[in-house]
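Enquirer: In the numbering used here, the protein residues as written are 146 to 561.
Just so you know, even glycine gets a beta-carbon here, dropped at the ideal spot from N, CA and C.
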Amino acid sequence: MPNSSPTVDDRLTLGRRILDLADDLAHWSESTGALTCTFFSDAHRAVARQLRDWFAAAGLASEIDPIGNVVGRMPGAHPGARTLILGSHYDTVRNAGKYDGRFGILCALVVLESLRGARLPFAVELIGFSEEEGVRFATPYLGSRAVVGRLDAAMMNVRDRSGHRLGDVIAAAGHDPSQLPSVARRPEDIIAYLEVHIEQGPVLLNDNVPVGIVTAIAGGVRYTLAIEGEAGHAGTVPMDARHDALLAAAEIALLVERRARLEPGLLGTVGRFEVPEGAINVIPRRCELSLDVRAQDDDVLTQALADILAESQAIAGRRGVRLGARELLRKKAVPCAPHLQQLFAASIEKANIPVKRLASGAGHDAATFDGLTDIGMLFVRCGNGGISHSPLETVTAEDAGIAAQILRDTLMRMGT
Ligand code: GLV
Ligand code: MN
Ligand code: MN
Numbered sequence: 146m147p148n149s150s151p152t153v154d155d156r157l158t159l160g161r162r163i164l165d166l167a168d169d170l171a172h173w174s175e176s177t178g179a180l181t182c183t184f185f186s187d188a189h190r191a192v193a194r195q196l197r198d199w200f201a202a203a204g205l206a207s208e209i210d211p212i213g214n215v216v217g218r219m220p221g222a223h224p225g226a227r228t229l230i231l232g233s234h235y236d237t238v239r240n241a242g243k244y245d246g247r248f249g250i251l252c253a254l255v256v257l258e259s260l261r262g263a264r265l266p267f268a269v270e271l272i273g274f275s276e277e278e279g280v281r282f283a284t285p286y287l288g289s290r291a292v293v294g295r296l297d298a299a300m301m302n303v304r305d306r307s308g309h310r311l312g313d314v315i316a317a318a319g320h321d322p323s324q325l326p327s328v329a330r331r332p333e334d335i336i337a338y339l340e341v342h343i344e345q346g347p348v349l350l351n352d353n354v355p356v357g358i359v360t361a362i363a364g365g366v367r368y369t370l371a372i373e374g375e376a377g378h379a380g381t382v383p384m385d386a387r388h389d390a391l392l393a394a395a396e397i398a399l400l401v402e403r404r405a406r407l408e409p410g411l412l413g414t415v416g417r418f419e420v421p422e423g424a425i426n427v428i429p430r431r432c433e434l435s436l437d438v439r440a441q442d443d444d445v446l447t448q449a450l451a452d453i454l455a456e457s458q459a460i461a462g463r464r465g466v467r468l469g470a471r472e473l474l475r476k477k478a479v480p481c482a483p484h485l486q487q488l489f490a491a492s493i494e495k496a497n498i499p500v501k502r503l504a505s506g507a508g509h510d511a512a513t514f515d516g517l518t519d520i521g522m523l524f525v526r527c528g529n530g531g532i533s534h535s536p537l538e539t540v541t542a543e544d545a546g547i548a549a550q551i552l553r554d555t556l557m558r559m560g561t
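1. Looking at the C-beta of R194, does it have a partner C-beta in chain D at a distance below 9 angstroms?
2. Roughly how many whole angstroms lie between the Cα atoms of D236 and V382?
3. Express the C-alpha separation of A491 and E276 in angstroms, rounding to a whole number.
4. If you draw a straight line from the C-alpha of V500 to the C-alpha of H320, how long is it?
5. When the Cβ atoms of the segment 352–363 are set against those of the segment 423–430, are three or more pairs found closer than 8 angstroms?
6. Give every residue whose Cβ lies closer than 6 angstroms to any heavy atom of ligand 1, listed in chain order.
7. Tell me the DSSP bridge mates of C432?
8. Cα separation between M146 and T414?
9. Considering Cα atoms alone, identify which of G423, P421, L400 is closest to L412.
10. Tell me the DSSP secondary structure of F185 in three-state form.
11. Is V238 near ligand 2, in the sense that its beta carbon is under 8 angstroms from a heavy atom of that ligand?
12. If I measure Cβ to Cβ from R161 and keep anything under 7 angstroms in the same chain, skipping five residues before and after, which residues do I get?
13. Alpha carbon to alpha carbon, how far is R156 from H309?
14. DSSP beta-bridge partners for G217?
15. Count the other C-beta atoms from every protein chain shown that fall within 10 angstroms of the C-beta of A390, then say buried if there are 16 or more, exposed otherwise.
16. What's the call for R463, buried or exposed, on a 16-neighbour Cβ count within 10 Å?
17. Express the C-alpha separation of D168 and K476 in angstroms, rounding to a whole number.
18. Going straight from the alpha carbon of S259 to that of E373, what length do you get?
19. Which whole-angstrom value describes the C-beta separation of S176 and R247, a residue pair presumed to lie in contact below a C-beta threshold of 8 angstroms?
20. In chain order, what are the residue ranges of uninterrupted alpha helix (DSSP H) at least 4 long that sit wholly in the segment 336–368?
21. Please report the distance separating the alpha-carbon of Q324 from that of N426.
22. For E456, tell me which candidate among H223, E402, I493, G506 has the shortest Cα-Cα distance.
23. For S233, verify whether its CB is less than 8 angstroms away from any heavy atom of ligand 3.
24. Relative to ligand 3, what is the chain-ordered list of residues with a Cβ closer than 5 angstroms to any of its non-hydrogen atoms?
25. Does the segment 292–310 come into contact with the segment 188–203, if we say contact requires no fewer than three beta-carbon pairs (one atom in each stretch) closer than 8 angstroms?
26. When the Cα of A316 is compared with those of N302, L537, P480, which residue comes out closest?
27. To the nearest angstrom, how far is the alpha carbon of V540 from that of D385?
28. Here's the rule I'm using: 16 or more other beta-carbon atoms within 10 Å means buried, otherwise exposed. How should L556 be labelled?
29. How close, in whole Å, do the beta carbons of G364 and R295 come, if the pair is a contact with beta carbons under 8 angstroms?
30. Per DSSP, what are the beta-bridge partners of A179 in this structure?
31. Do you know offhand how far R330's Cα is from L523's?
32. Would you call the segment 514–528 in contact with the segment 282–297, where contact means no fewer than 3 C-beta pairs closer than 8 angstroms?
33. So F184 and R281 are supposed to be a Cβ contact under 8 angstroms. How far apart are they, rounded?
34. Taking 9 angstroms as the cut-off, decide whether the C-beta atoms of L166 and L251 are in contact.
35. So, using beta-carbon positions, are G521 and Q550 closer together than 9 angstroms?
Okay, here's the thing in structure tokens:
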């Protein structure tokens, strides 16, 4: 069994390696001058192949599964040992930072590299999930949903904005969508799911601690709202005779902000706003907007959503436009297992670092594992005010190394 207490130098070496690997992955992008890597683009598939090769070089039996997850397996000390899953996602938002998702995959990878040759009392699977952000198909967690067996066949008919069916995109990449059910793990085979992720916020930075233990992952809902008004000539239709879809959408976006501000811990975002037939001299007939509402308390979330949808219908009624609302995702708040929080805490204490606990406002693949197995999450401090979903995301090599040390120690503690 390797020594579980790396020196500060070892730690920095691990941390630098994580950041170097993240720099390497960021070379593949589908947009020039920015990092964008969405489901099954050429850049995305290149990243998958690179991860698979790195996993193999670390001594893991590695493959890319039919939904594009990169899976690396390290056997346990005994045949038939149950499996600990480590993971995070390698897809990105548009114009992303280098660490959201990828940090967790790479941190686990360098830890498994450093454990090469060791046999833990359980098997380990490292999974780089292909899709978490929901950018291409407006439906997130495709990778982890397949692993927990919650990606039903109807999902294959979802289309991206160019009209491509999910099932066809998977087939065109050389995978067989009919094989997706084989990706699902059986709960009885799994010990737990652990994920390391950048915090994506300022709490650890402000408290001056490098890592934090996640207590729960906030719940959230996502909708597409589509407004149908009436097109008309910008120069002839009087202002009081218009049914402008864009203006109704604008009012709804402001309503979302107003409602979310009413309660601490409630967050409402309109991140996408589109006028498909927009032209400078035409009154907008159609406008589509996205809606993302989150809260740590499920009742607060349910009430806020109900208020927003009801008030949006009232706005549509006043403006003489039609509003359609399509739910894309609904996730309850998910607690992290107390015994896994305690394991992380013991490793953090051993490293002489203050133990900080915090809830996650961001969604994570970990939440998808709710119901399949126990979940543990470790956050790592971000720099730059904690900014994320932005190229300004930063993490230091020191903090990256500490995260790797804590994860490594926790894995070894799980074996005792
Ligand atoms: C994932 O990045 C999320 O939207 O929380
Ligand atoms: Mn993200
Ligand atoms: Mn993420």
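Expert: On the basis of the data shown:
1. Absence of chain D from the displayed structure is noted, only one protein chain being present.
2. 45 angstroms
3. 32 angstroms
4. 44 angstroms
5. no
6. E278, A507, G508
7. I372
8. A caution first: M146 carries a pLDDT of 48, below 50, which makes its placement in the model too unreliable to give a value.
9. L400
10. coil
11. Yes; taking the cut-off as 8 angstroms, the Cβ of V238 has a heavy atom of ligand 2 nearer than that.
12. A542
13. 45 angstroms
14. S207, L271
15. buried
16. exposed
17. 32 angstroms
18. Answer to the nearest angstrom: the Cα atoms are 57 angstroms apart.
19. 17 angstroms between Cβ atoms; not a contact.
20. 348–352
21. 50 angstroms
22. E402
23. yes
24. D245, G246
25. No contact exists between the segment 292–310 and the segment 188–203.
26. Selected option, being the one with the closest Cα: N302.
27. 53 angstroms
28. buried
29. Wrong, their Cβ atoms sit about 16 angstroms apart, outside the cutoff.
30. S176
31. Distance between the alpha carbons of R330 and L523: 23 angstroms.
32. yes
33. Taking 8 angstroms as the upper bound for CB-CB distance, F184 and R281 are in contact here, some 4 angstroms apart.
34. yes
35. no
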